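Below: one structure, written as structure tokens.
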Amino acid sequence: MVGFVKKIVVLSDMMKRFLLFLLIFAGGEFIITPLNAQITANFTASPTSGCAPLIVQFTDQSTGPGINSWQWNCGGGNTPTKQSPLVAYLVPGVYNVTLTVKNTGTGVSNTVTKTAFITVFSTPVAKFTATDTTGCAPLAVSFTDLSTPGSGKITKWSWSFGDGSPNSNAQNPTHTYSASKTYSVTLTVTDTNGCTNSINLPGLVQVLNSTLNAGFTASPNVGCSAPATINFTNTSTSGGTLTYSWNFGDTHTSTSTSPSNTYSAPGTYTVSLTANSSNGCSKTATSTISVLGGSNVAFTASTTSACLGTNISFGDSTKPAPTSVKWNFGDGNSSILSNPAHTYSAPGTYSVRLVVSFAGLCPDSLTKTAFITVNPGPVVSFSADTLNACATPFKVHFTDHTIGATTWNWSFGNGSNSTLASDSTIYNTSPGTFNVKLVVTTANGCKDSLTKFNYISVKPPVAGFTSTPDSGCAPLLVNFKDTSFSREPIKTWAWTFGDPSSGASNASVLENPTHTFNAIGTYTVNLSLINSYGCASSTQGTVIITNKPVIGFFVSKDSCALTPIVFTDTSVVSTFWKWDFGDGKKGMGKLSQHLYDTTGFF
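Here you go:
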């Protein structure tokens, strides 16, 4: 037998990684086998909290070679062995989770525990009650929330009433059903953890199908005096059999279809009829019956003594209130309003009559003789001793001419006032115009007012004139026109023309004079005026007189064609020059030159 040699080499990496290798040499080959290796258990989960029942997905994140066994303890009796299990938590609580991973070949394992890793909230329990769940349309049903909270506080309510209407978020709503049908109602509650719970009560609300209508008439509907018998006629309708319950408002009742009732005392009575159908529906109708007890007509007025033009309000206070009224105000005017207003157009004393009836029955009336007195109002009138002035201070005395005035209130327009019948004031603002207002009251309290606009005027005259022409050659005739402003007529004009050499002609008292200026020079013309109130004003202007010019010029020399020739002006008192060079061409200016383009004499 040929022998062979086995060599076993064990290598160590200093035991820090806990890894040993066995090297085996056989037939020229080496086999390297790991003897032991470290593994680490770890995992994640999603979600880690929520409402019961909570479904959690665990994900293994363990590391290390050869892991082929997973043992979970998720709490609540859940011990899966899958690598990444899906676990359902049915019971609320807080759970620790443990994972043990293992390499079954080497026997190496590792365990990790995460404390309070999963939180499962208890959900609220939805519950409610309802009242009046069966009846005829329209049926109002009141709902009361009786839900109990879970781990969190209930904060939201959502009601579905089953009739297609929008959901309600009220905790305890009331909902009206309008159609005949059976309705299921659902309540969903939500707490602070977001946990929800719903309850549905099928067929909770039953709205009955009914065409019931209650109604009646009364004849007569007004009793003129007690005792009064009123006959009632039932007008109720329904598709089924009806029973009736009457209450006549005076302690009397009846179950008859169309009863009568006798009222023994005056008053206003509310009568009700309740009609009940065979399917349990009921409707009620009401009406008012009045029994009169003699004359009850009464009325008032906002005032019984008024000034002319005052709007007087009248009010019917008849008990019971009539169904129709007619007023006669004593001046030929009337009204059918219960509470009319009326304005009398003439002073005097007026009787007022009110006629009432009750549904065309039991007519009655009341006349108040000489009830309204209409006093004539004052007619304001006043005057001033003077209206216009040229300068301030300006004193004006005002006098009231109103007949029957007992109080006065003046506003003079200059900031001052007075309560005297006649008074004076001083105007210190110039120039200007002022409005004056007077309000008076008579002994019977009637008022009137008058405002005179721009009544007082403080305006001095303003002198002014024009001169036509205002310059020229001597001798020059100038027309002067007065353009002065004066509120009052101008009485005198005084002109001086600044031309003393003209003697007596240098002055004028005409409104629009003329004057001839014979010598050159600049003349100052003055105008002074005085108006009918003695107010004066003056102004001045200027007139310029010049001599006629003496024309002359010379030429520098004769010249050849196309050579410039200079023309020099020798005129006296010249201010404007215009040349004609004789060849059809023109020139301007004191000194000018010209170029003749042909030969000849020009």
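Under the numbering used here, think of the first position of the sequence shown as 2, with each following residue one higher. Here a beta-carbon is modelled for each residue, glycine too, at the ideal position from N, C-alpha and C. Because the structure is a prediction, the values reported are computed rather than measured.
- Give the single residue among 195, 58, 52 whose Cα lies nearest to the Cα of residue 46. Taking only the C-alpha atoms, the option nearest residue 46 is 58.
- Item | Sheet register partners of residue 523 (DSSP bridge) | Partner(s): 545.
- Item | When 411, 121, 270 are compared against residue 291, the one with the closest alpha-carbon | The shortest Cα separation from residue 291 among 411, 121, 270 belongs to 270.
- Message: For residue 366 and residue 258, what's the separation of their Cα atoms in angstroms?
- Response: Answer to the nearest angstrom: the Cα atoms are 38 angstroms apart.
- What number of angstroms, rounded off, separates the C-alpha of residue 604 from the C-alpha of residue 222? The shown model of the chain, from 2 to 603, leaves out residue 604, and the question about it has no answer.
- Query: What is the DSSP secondary structure of residue 210, counted as helix, strand or coil?
  - Reply: Looking at residue 210 - three-state DSSP - the assignment turns out to be coil, as it is neither helix nor strand.
- For residue 414, is the classification buried or exposed, using 16 other Cβ atoms within 10 angstroms of its Cβ as the cut-off for buried? Around the CB of residue 414, 16 or more other CB atoms lie within 10 Å, so the residue is classed as buried.
- Going by Cα to Cα distance, which pick from 50, 150, 603 is closest to residue 118? Comparing Cα positions, the closest option is 50.
- Query: Among the residues of its own chain, which have a CB less than 7 angstroms from the CB of residue 583, if the five just before and after it don't count?
  - Reply: Cβ neighbours of residue 583 beyond the five flanking positions: 603.
- Message: Do residue 368 and residue 354 have their beta-carbon atoms positioned less than 8 angstroms apart in this structure?
- Response: Yes, they are a contact pair.
- Message: Taking the straight line between their C-alpha atoms, what separation do you get for residue 141 and residue 133?
- Response: One C-alpha to the other measures close to 7 angstroms.
- CB-CB under 7 angstroms to residue 126, same chain, minus the five flanking residues each way: which ones, in chain order? Correct list, in chain order: 148, 149, 198.
- Spatial neighbours of residue 587 in its chain, beta-carbon cut-off 8 angstroms, leaving aside the 5 residues before and after: Around residue 587: 579, 580, 581.
- Could you tell me which residues DSSP pairs with residue 276 in its beta bridges? 245, 284.
- Message: At a threshold of 7 angstroms, does residue 337 count as lining the ligand NAP (C-beta to nearest heavy atom)?
- Response: By its list of ligands, the structure shown contains no ligand whatsoever, and the ligand NAP lies outside what it can speak to.
- Rounded C-alpha distance that separates residue 211 from residue 335: For residue 211 and residue 335, the distance between alpha carbons rounds to 50 angstroms.
- residue 404 burial status per 10 Å Cβ neighbour count (16 or more: buried): It is exposed - the Cβ of residue 404 has fewer than 16 other Cβ atoms within 10 Å.
- Return the CA-CA distance between residue 525 and residue 552, expressed in angstroms with no decimal places. Cα to Cα, the separation comes out at about 30 angstroms.
- Message: Measuring CB atoms only, is the segment 154 to 172 touching the segment 78 to 87, in the sense that at least three cross pairs come out at less than 8 angstroms?
- Response: No, they do not touch.
- Message: For residue 114 and residue 203, I'd like the C-alpha separation in whole angstroms.
- Response: The straight-line gap from Cα to Cα measures roughly 48 angstroms.
- Query: Considering residue 73, what are the terminal residues of the beta strand (DSSP E) in which it resides?
  - Reply: Residues 70 to 74.
- Message: So, for residue 163: in the same chain, excluding its five sequence neighbours on each side, which residues have a beta-carbon less than 6 angstroms away from its beta-carbon?
- Response: The answer, listed in chain order, is 184, 185, 186.
- Task: Evaluate residue 192 with the Cβ neighbour count: other Cβ atoms within 10 Å of its Cβ, from every protein chain shown; 16 or more gives buried, anything less gives exposed.
- Result: With 16 or more Cβ atoms within 10 Å of its Cβ, residue 192 is classed as buried.
- Message: If I follow the unbroken beta strand (DSSP E) through residue 373, where does it start and stop?
- Response: In the DSSP assignment, residue 373 falls within the unbroken beta strand (DSSP E) covering 362 to 376.
- Assuming residue 464 contacts residue 539 under a Cβ cut-off of 8 angstroms, what Cβ separation, rounded to an integer in Å, is found between them? About 5 angstroms separates the CB atoms of residue 464 and residue 539; that is less than 8 angstroms, so the two are in contact.
- Query: Do you know how far the Cα of residue 102 is from the Cα of residue 64?
  - Reply: In a straight line, the C-alpha of residue 64 is about 9 angstroms away from that of residue 102.
- Neighbourhood of residue 319 by C-beta, 6 angstroms cutoff - its chain only, sequence neighbours within 5 removed: Setting aside the 5 residues that flank it on each side, residue 319 is surrounded in the same chain by 297, 298, 299, 357, each with a C-beta closer than 6 angstroms to its C-beta; the list follows chain order.
- When burial is assigned at 16 or more other CB atoms within 10 Å of the CB, is residue 598 buried or exposed? So residue 598 ends up on the exposed side.
- Message: Using 8 angstroms as the cut-off, can you tell me whether the segment 506 to 518 makes contact with the segment 479 to 488, which would need three or more C-beta pairs spanning the two stretches below that distance?
- Response: Enough Cβ pairs lie closer than 8 angstroms, so yes.
- Give the single residue among 255, 104, 472, 507 whose Cα lies nearest to the Cα of residue 549. Taking the Cα of residue 549 as reference, the smallest distance to any Cα among 255, 104, 472, 507 is reached at 472.
- Alpha carbon of residue 100 to alpha carbon of residue 131, nearest angstrom: Those two C-alpha atoms are separated by around 51 angstroms.
- Test: residue 460 CB closer than 8 angstroms to a CB of chain D: This model lacks chain D altogether; it includes just one protein chain.
- May I ask you to verify whether the segment 383 to 396 touches the segment 329 to 345, counting CB pairs closer than 8 angstroms and requiring at least 3? Not touching, per the Cβ criterion.
- Figure out for me which residue from 364, 304, 309, 351 has the closest Cα to the Cα of residue 664. This structure gives no information on residue 664, because the portion of the chain shown stretches from 2 to 603.
- Message: What does the alpha-carbon distance come out to for the pair residue 241 and residue 282?
- Response: About 10 angstroms.
- Item | Bounding residues of the beta strand (DSSP E) (the contiguous stretch that carries residue 340) | Segment: none, residue 340 is in no beta strand (DSSP E) and carries neither H nor E.
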